[in-house]
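Have a look at this one:
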């Protein structure tokens, strides 16, 4: 059972949301378990049913490579939308920050449903665009804030 | 005559004190005692901007760099994580009501302060 309404299913009727969720395969991840790794082929997107995922990127810290937090996602949120967007490769690594339950929905299954029920496809695609757009705007703002600090250091 | 000599001695003393004060204020970094440098090697190493009068401490980030160098790796990664969370919160606050003040609000993140 989901602890929160999934952002991917906003605007869908209960029956349509159930059709999407029925495509999923439930996964249980222990604390620290990796859901997907940067560079892997992305075949499924994942709805977090319970728990908390960390999305990280590698960064050199004192000559050592460490995984640095980029985003955090909690119950009801979706990770792994690279599965629906070419070139279908994960650009981040996802790791469970606590014991978590995930619903994995394959790209092929979603495509089949979207072909059979285009109104569901349109709403899910709009929700996906909202998630992607929101994250883009957050990262744009974070990038400008970082650039501002670089400018202040360079021009001080 | 005695008063004149006393005045001359006091004037010489005053000039000597002034010279010493001027010399101390304008002494270059290289002339500082070696022992003082050895006492804080990491500060001396990290200080890319030489310390001068009338320079605001915030404009000299070298001590912060030196402190970061002493922080254990795990603690440093936690600091980075917290910094990312604070930056995301600031970015989301900007998205809620976009304006330049919110976009460039000062962070309280200890990672860069």
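Protein chains in written order, with our numbering: chain A, 232 to 387; chain B, 1053 to 1165. Cβ atoms here follow ideal geometry from the backbone N, Cα and C, with glycine treated the same way.
- Of all residues in the region 264 to 283 of chain A, none is placed with a Cβ closer than 9 Å to any Cβ belonging to chain B.
- Within the region 322 to 346 of chain A, complete alpha helix (DSSP H) segments of at least 4 residues are not found at all.
- A Cβ-Cβ distance of about 6 Å is found for the pair residue 258 of chain A and residue 335 of chain A, placing them in contact under the 8 Å criterion.
- Under the three-state reduction of DSSP output, residue 297 of chain A falls in the strand class.
- Among the residues facing chain A, residue 1123 of chain B is not included, as its CB has no counterpart in that chain under 7 Å away.
- Residues 1154 of the same chain have their beta carbon placed closer than 6 Å to that of residue 1145 of chain B, with the five preceding and five following residues left out of the count.
- For the pair residue 284 of chain A and residue 266 of chain A, the Cα-to-Cα distance works out to about 9 Å.
- Around the beta-carbon of residue 1140 of chain B, 16 or more other beta-carbon atoms lie within 10 Å, marking it buried.
- Looking at the backbone, the Cα of residue 296 of chain A and that of residue 243 of chain A are separated by about 43 Å.
- Each of A/369, A/343, A/301, A/293 was checked against the Cα of residue 1128 of chain B, and the nearest Cα belongs to A/293.
- Beta-bridge partners assigned by DSSP to residue 254 of chain A: none are found.
- Secondary structure of residue 275 of chain A (DSSP, three-state): strand.
- When DSSP states are grouped into helix, strand and coil, residue 1154 of chain B belongs to the helix group.
- Here residue 364 of chain A is exposed, its C-beta having fewer than 16 other C-beta atoms within 10 Å.
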